[in-house]
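Residue numbers (this note's numbering): 775 to 889.
Don't be surprised by glycine CBs; every beta carbon is placed ideally from N, CA and C.
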DNA sequence: TCGTTGACATTTC
DNA sequence: CGAAATGCCAACG
């Protein structure tokens with residue numbers, strides 16, 4: 775495969791995030807768990823931090839376990855993240871995802887085969 | 001090598 | 001719900 779980042783960890787996160795369907799959201803822990811690093815959910819966030827340089831990574835579709843748009847703070851301090859999600863059909867209330875359970879996209883459940 | 005930080009998760013109070 | 005504490009791991013200085 776194309777070697778973009780030898781770390782691999784970031785690339786995996788980017789791939790999973792890039793596979794998130796529109797109108798859906800996932801959590802850092804879910805991605806981390808899918809990558810086999812459930813305990814390193816923070817690393818997913820860290821990877822996302824670098825992903826900001828990557829347009830292929832819809833970081834706005836990634837929220838924390840509580841469905842809260844924690845990333846907004848790093849997204850530019852604006853409500854753009856919320857607007858993007860709402861534009862895709864995701865209801866946002868007070869920076870939190872409504873029906874999070876309904877819009878929640880679990881890579882482990884949706885993606886049968888692993889990387 | 002060490003210490004600090006962090007877009008998390010979980011438990012406890 | 002909120003705040004505090006703990007764990008976990010990688011990046012940064």
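Alpha carbon to alpha carbon, how far is residue 787 from residue 821?
Residue 787 and residue 821 have their C-alpha atoms roughly 7 Å apart.
For residue 864, I'd like the list of residues in its chain whose CB is within less than 7 Å of its CB, leaving aside the five on either flank, ordered along the chain.
These residues qualify, in order along the chain: 797, 799, 871, 877.
Can you tell me which of 850, 846, 861, 881 puts its alpha carbon nearest to the alpha carbon of residue 868?
For the residues 850, 846, 861, 881, the minimum Cα distance to residue 868 belongs to 846.
Are the beta-carbon atoms belonging to residue 838 and residue 844 less than 8 Å from one another?
In contact: residue 838 and residue 844 (Cβ atoms closer than 8 Å).
Among 819, 840, 859, which residue has its Cα nearest to the Cα of residue 785?
Nearest C-alpha to residue 785: 819.
Grab me the residues of residue 873's own chain with a C-beta within less than 7 Å of its C-beta, minus the 5 sequence neighbours each way, in chain order.
Here the set comprises 865.
Once DSSP output is grouped into helix, strand and coil, what is the label at residue 883?
Helix.
With a 10 Å radius around its C-beta and 16 neighbouring C-beta atoms as the bar for buried, classify residue 848 as buried or exposed.
Exposed is the label assigned to residue 848, since fewer than 16 other Cβ atoms lie within 10 Å of its Cβ.
Which stretch, first to last residue, makes up the alpha helix (DSSP H) that contains residue 794?
Annotation: residue 794 is outside any alpha helix (DSSP H) and is labelled neither H nor E by DSSP.
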